[in-house]
Structure formats: structure tokens, C-alpha cells
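Participant:
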Amino acid sequence: TIQAKVKSIVWATGWKPYDATKLDTLGFGTLPNVITNVMMERLASEQGPTEGKVLRPSDNAEIKKIGFVQCAGSRDENHLPYCSAICCLASMKQATYVRERYPDAEVHFFYIDVRSPGRDVDFYVKMQEDDKFFFHRGKVGSIIAGDSGNVILEAENTLTGELTRTEVDMAVLATGMVPNTVDVAPPLDTPLDEFGFIIGDSSTGVIGAGSALRPMDVASSLQDATGAALKALTIEARR
170 TIQAKVKSIV
180 WATGWKPYDA
190 TKLDTLGFGT
200 LPNVITNVMM
210 ERLASEQGPT
220 EGKVLRPSDN
230 AEIKKIGFVQ
240 CAGSRDENHL
250 PYCSAICCLA
260 SMKQATYVRE
270 RYPDAEVHFF
280 YIDVRSPGRD
290 VDFYVKMQED
300 DKFFFHRGKV
310 GSIIAGDSGN
320 VILEAENTLT
330 GELTRTEVDM
340 AVLATGMVPN
350 TVDVAPPLDT
360 PLDEFGFIIG
370 DSSTGVIGAG
380 SALRPMDVAS
390 SLQDATGAAL
400 KALTIEARR
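According to my numbering, the stretch in the sequence shown is residues 170 to 408, in order.
Spelled out as C-alpha cells, the structure:
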């Protein structure tokens, strides 16, 4: 144990994925071939359980058709009403894992609207040019069992009003971002908003950084950390 007397603390405790079992219409926990985006990242890792092969959990079959379900818990008044910032780009990145390893595989991407700000829009445009990548504008309302372990994504196309049913080998839920401050609050009664994010108030000497402050990607977190460190030094100078 180390004791130190300090005048400010940068609280950068990160985030955890939203509990997908709370999304009772999307089949996580009951349909083996419905996984989360965090699970997908591990599955696609060369150091992961399948050595980077994207295999569906039920039978270890290689992927021929995969669905990505955006805003699984985010932008939903019954779960997390805010946008989790990273999901669209992270899912498109994960789709490239599938397309690179399995050139004939289809990717079906269901979204409310694609959020890829700044230069990231170039990546979005690149995915649109892929003839095996299909964008579906509409939030998936339910996932049910299909044939031979497949799953069926039921959604309403918000451009046409059409109700669609898309059968895929495996579905990946882009679960929302929950700050770890929900489970372990910062000290000194540091104020939190209703979702557990630190409110931008340094009067306690505790300064939020990264996704303890709001949903953000790695690059934004690095920039924010620099700002938090400078703010902490400013507090040090004032006291």
C-alpha cells in the first residue's frame, strides 16, 4: 500500500459493455450464435481461442453470412439513451476481419444512422463500395432461431417501411458503453450524472478522463487524457 498526499487525481477507469442479457428480444444467452462485439474482437484475435478464425460458437463452422446489430442497448430509452460513440466504426472494422479472411462471405449491417465523424467517413465510404457489404437502415427489433443454428434478424427498414427478415450464420451485437464508475464511484463525493459519467467539475480535485467522462474512442481518450493532466497541474498550481 502506498500513501501519497496529492492535490488532484485523474480518474480514468474506463468502461464495460452493457449487459446483453438485458436485451431480451435479441437472443443473447439463449441463441448460441448471438455474440457481443467484445466477444467478436476476442474471436478474431490471432491470440484468441480460434487463432483468428471467425467461427460461430455452436459448431465452429466458418462464417458465410454475418449480421452486425448496431445500438444494442444504446440510443434506447429502456436501456442506455445515449450514443456509445464507437460502435459503428468498431463494427465496420470487425466486418473487415470477416471479409479479409472469407472473401465470399456476406456482411449485413443494421443501423439507425451511421456515425463516422471527421476523416473516419472515408472508412464508411470504403465499406459502401464493398459489394458483399449490405447496409440496412433500421434497428433490429428481435432475433429468433433459424435453420441449422442460423439466426434470423427481424427489422423494419426505415427508408421503405418494409419489415425484413434476414437469416445469417451469426449475429454480433454492438453493445453500449457503460462507465466503470457505475460499479466503483470515485472518492470525495465526486458528482456523477444519471448514467454514472463524471460531471466536468474539478472542485473535488477528481478529474474525469476518457470514457469515465463520456463515451469516446481510443484517439479521443488520449487527447482527453492530455487535457485532464493539464487541468490537474493547474489545480496543483492554484492550491
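For glycine and all other residues, C-beta sits at the position ideal for the given N, C-alpha and C. Fair warning: this is a prediction, and the values are worked out from it, not measured in the lab.
Across which residues does DSSP place Arg334 in a beta bridge pair?
Facilitator: Arg334 is bridged to Glu323.
Participant: Starting from Phe303, trace the beta strand (DSSP E) both ways and give me its first and last residue.
Facilitator: Per DSSP, Phe303 belongs to the beta strand (DSSP E) from Phe302 to Arg306.
Participant: Going by CA-CA distance only, name the one from Ser372, Pro186, Pro218 and Glu336 that's closest to Ile255.
Facilitator: Among Ser372, Pro186, Pro218 and Glu336, the Cα nearest to that of Ile255 is on Pro186.
Participant: Can you grab the Cα-Cα spacing for the pair Gly396 / Arg334, in whole Å?
Facilitator: Approximately 46 Å, taken between the alpha carbons.
Participant: Helix, strand or coil, according to DSSP, for Gly379 in the structure here?
Facilitator: Gly379 falls in the helix class under three-state DSSP.
Participant: Along the chain, where does the beta strand (DSSP E) containing Met346 start, and where does it finish?
Facilitator: Taken as a continuous stretch (DSSP letters only), the beta strand (DSSP E) holding Met346 covers Met346 to Pro348.
Participant: Let me know if Pro272 comes out buried or exposed under the rule of 16 or more other beta-carbons within 10 Å of its beta-carbon.
Facilitator: Classification for Pro272: exposed.
Participant: Nearest CA to the CA of Thr359: which residue from Ser177, Thr170, Glu325 and Ala259?
Facilitator: Of the listed residues, the one whose Cα sits closest to Thr359 is Ser177.
Participant: Rounded C-beta distance between Phe237 and Phe303? I'm assuming under 8 Å.
Facilitator: Contact flag wrong, Cβ pair sits at about 10 Å.
Participant: Rounded to whole angstroms, how far is the Cβ of Ser243 from the Cβ of Tyr251, which I believe are closer than 8 Å?
Facilitator: 7 Å between Cβ atoms; contact.
Participant: Relative to the C-alpha of Leu258, which residue among Glu246, Ser227 and Lys295 is closest?
Facilitator: Among Glu246, Ser227 and Lys295, the Cα nearest to that of Leu258 belongs to Lys295.
Participant: From Gly345 to Val375, what distance separates their C-alpha atoms?
Facilitator: About 25 Å.
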